[in-house]
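Okay, so here's the structure we're looking at.
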Amino acid sequence: MARPIPMARFTLAWPLAGAGAALLSIPVLAALSAGRGLPPWMPLNATTHALHGAEAARTTALDLAHTGLGTAIHVASCFFWAGVAVLLVRRAARGGPWLAWLAGLATAAMAGLIDYGLLPARLRPGWGLVLPPWAVLAGLAALGVGLSLGLLAAWAIGRRAPGTSPAPDRYPPVPGAAEPPQAPVSAVERLRHPAPHVLDQRQQRMDPAGAVTEDPNRQGDGNKQPGVPHPDERPDR
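Note that my numbering has the sequence shown beginning at 152, numbered continuously upward.
This is how it looks when you write it as structure tokens:
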């Protein structure tokens with residue numbers, strides 16, 4: 152059975168997609184917050200409102216209780232949605248960069264609908280407590296782009312990795328269809344790799360008469376000079 156495509160392998164795509172989502176969304180949220188004159192870590196502080204209440208969105212301090220915990224929650228959320236993106240990719244038998252972008256952006260849209268449409272206000276990420284709606288959408292877009300870039304990295308690594316087999320072709324070739332043209336083989340390449348029905352001349356050891364050439368040194372008598380000596384070189388003459 153062929154291995155799944157690289158983007159569908161949890162051991163490769165999941166950590167890359169999760170890391171890509173976290174590494175891209177956190178700077179984007181920080182830039183959006185700084186653009187409003189707030190500390191860059193305010194969106195992460197607001198994420199802890201599920202534990203600290205509404206005052207978390209008003210906390211401007213950089214501390215472990217708010218910033219550290221909010222970062223941990225956000226990174227864990229990125230890896231959760233990375234797993235969802237990989238599951239979406241596994242629904243496809245094969246795919247390229249377009250599949251990575253489709254899965255990443257679709258996962259971000261799903262995250263926005265669930266986080267801000269289905270979950271109660273206390274369990275939402277809390278970005279909307281410090282950012283306007285358009286900035287929240289920009290943060291979700293950054294999440295989707297980060298997921299897509301991670302999947303693209305998995306796809307690129309899987310293509311270069313030895314031993315990675317692609318998924319089976321769902322569309323076998325049509326009988327009688329013309330085969331794609333192949334580059335002509337040079338004369339030197341034909342000598343290096345002869346066809347199965349062609350005799351490799353480098354392995355032939357025959358004279359023009361068709362007889363096997365015999366090494367004259369095989370007719371030695373054990374002396375220093377091999378072979379039969381010339382009559383003038385015989386010691387009895």
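The beta carbon of each residue, even a glycine, is placed where N, CA and C say it ideally should be.
On a predicted model such as this, the values are computed, not experimentally measured, just so you know.
When DSSP labels each residue in this structure, what does residue 157 get in the three-state scheme?
-> Mapped onto the sequence shown, residue 157 falls at position 6. Helix, per DSSP.
Express the C-alpha separation of residue 214 and residue 247 in angstroms, rounding to a whole number.
-> For the purposes of this step, residue 247 is taken as the residue at position 96 of the sequence shown. For the purposes of this step, residue 214 is taken as the residue at position 63 of the sequence shown. In this model, residue 247 and residue 214 are separated by some 42 Å (Cα to Cα).
Look up residue 322 in the DSSP assignment and say whether it is helix, strand or coil.
-> What you label residue 322 is simply residue 171 of the sequence shown in a count that begins at 1. Because the pLDDT of residue 322 is 45, which lies under 50, any placement of that residue in the model is unreliable, and the number read from its coordinates should be weighed accordingly. Residue 322 sits in coil when the DSSP states are folded into three classes, being neither helix nor strand.
Sequence-distant residues of its chain with Cβ nearer than 7 Å to residue 210 (five each side left out) = In the sequence shown, residue 210 corresponds to position 59, counting from 1. Excluding residues within five positions, the ones whose Cβ falls inside 7 Å are 196 and 217.
For residue 275, does the count of other Cβ atoms within 10 angstroms reach 16, so buried, or fall short, so exposed?
-> On the sequence shown, position 124 is the one that residue 275 refers to. So residue 275 ends up on the buried side.
Output the boundary residues of the alpha helix (DSSP H) element that contains residue 284.
-> Along the sequence shown, read from residue 1 onward, the residue named residue 284 stands at position 133. In the DSSP annotation of this structure, the continuous segment of the alpha helix (DSSP H) that includes residue 284 starts and ends at 284 to 311.
Going by Cα to Cα distance, which pick from 277, 299 and 337 is closest to residue 235?
-> Looking up residue 235 in the sequence shown gives position 84. Of the candidates 277, 299 and 337, 299 places its Cα closest to the Cα of residue 235.
Can you tell me the Cα-Cα spacing of residue 205 and residue 305, whole angstroms?
-> As a working mapping, residue 205 is identified with position 54 in the sequence shown. As a working mapping, residue 305 is identified with position 154 in the sequence shown. Distance between the alpha carbons of residue 205 and residue 305 is about 39 Å.
Can you give the beta carbon distance from residue 172 to residue 297, rounded, assuming they're within the 8 Å contact cut?
-> The residue labelled residue 172 in the question sits at position 21 within the sequence shown. The residue labelled residue 297 in the question sits at position 146 within the sequence shown. Distance from residue 172 to residue 297 at the Cβ level is roughly 4 Å; contact confirmed, criterion being Cβ atoms closer than 8 Å.
CB residue 198 to CB residue 221, shorter than 8 Å?
-> Here residue 198 corresponds to residue number 47 of the sequence shown, with the count starting at 1. Here residue 221 corresponds to residue number 70 of the sequence shown, with the count starting at 1. Yes; because the gap between Cβ atoms is below 8 Å, this pair is in contact.
Status (buried if at least 16 other CB within 10 Å, exposed otherwise) for residue 271 | For the purposes of this step, residue 271 is identified with residue 120 of the sequence shown, where counting begins at 1. By the 10 Å Cβ count, residue 271 comes out exposed.
Rounded to whole angstroms, how far is the Cβ of residue 175 from the Cβ of residue 282, which I believe are closer than 8 Å?
-> For this step, residue 175 is matched to residue 24 along the sequence shown. For this step, residue 282 is matched to residue 131 along the sequence shown. Contact check for residue 175 and residue 282: beta-carbon distance about 16 Å, past the 8 Å limit, so the pair fails to qualify.
Report the option in 335, 233 and 256 whose CA atom is closest to the CA atom of residue 163.
-> For the purposes of this step, residue 163 is taken as residue 12 along the sequence shown, with counting starting at 1. The shortest CA-to-CA distance from residue 163 to any of 335, 233 and 256 is the one to 233.
Own chain residues within Cβ distance below 6 Å of residue 191, not counting five before or after = Mapped onto the sequence shown, residue 191 falls at position 40. So the list reads 181, 184 and 185, once near-sequence residues are dropped.
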